[in-house]
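Under this note's numbering, the sequence shown has 145 at position 145, and the numbering climbs by one with no breaks.
The beta carbon of each residue, even a glycine, is placed where N, CA and C say it ideally should be.
Following: one structure in structure tokens, then a few remarks.
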Amino acid sequence: MFTLIQPIAAVLFAVFAAYCSKQFELMHFGEMRDGSTLPLWAAAVAAVVAWLFVGRRIGRALWHSIYQGVQGVVLAAVAITAVTAVGEVFYRGYHRRYDEPMEAVTGYFSIIIDWLREMLVQDFLVLTLSGGAVIGVILHVLWVMMERRRNDRG
């Protein structure tokens, strides 16, 4: 059943993913790149993850909502990495860094592993995991308020 918590989760995750992707660019490249589409891709993928995964699981208990927020951030990070690595494989293939298609397939997984390894910096982990916990608390509080209002009407 559709609830309003799903689009709210999608918006919160999209904004948080865009912010975290800018921090990742600063960490990865040392500066912000003009015209980078990473924040847009990150926001779109995180919104889909939040809508389909996190939004449906909020509301059982506060600790469970916090857990779902953290788990959603981890899933969004893996999904964003997988989606943006496709573009990197095409970029490298266009510049003839791969000799054959199988090398591009193995290169795809090595790109994902390298980018996820770069995210294992303590400051970035604290940012993402604490942000996921805060989003879980916010979503739980909103869900409780909306459920209380819905039950008072009926």
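*Range of the contiguous alpha helix (DSSP H) that encloses G131*: Q122 to R153
*Assess, as a yes-or-no matter, whether the stretch 31-51 is touched by the stretch 106-113 under the definition of 3 or more beta carbon pairs within less than 8 Å.*
The stretch 106-113 vs the stretch 31-51: no contact.
*Under a three-way DSSP split, which group does I80 fall into?*
helix
_Length of the line joining the Cα atoms of Y91 and S130_ = 33 Å
*asked:* Among the candidates I138, V144, E147 and R148, whose CA atom is the shortest distance from the CA of F13?
replied: I138
*Do V45 and I80 have their C-beta atoms within less than 8 Å of each other?*
yes
*Q68: buried (16+ other C-beta within 10 angstroms of its C-beta) or exposed?*
buried
_Extent of the continuous alpha helix (DSSP H) run through V15_ = Note, V15: alpha helix (DSSP H), I5 to F29.
*asked:* The alpha helix (DSSP H) that contains I111, what's its start and end?
replied: Here the alpha helix (DSSP H) through I111 covers P101 to E118.
_Per-residue DSSP class, three states only, for Y98_ = Note: Y98 maps to coil in three-state DSSP.
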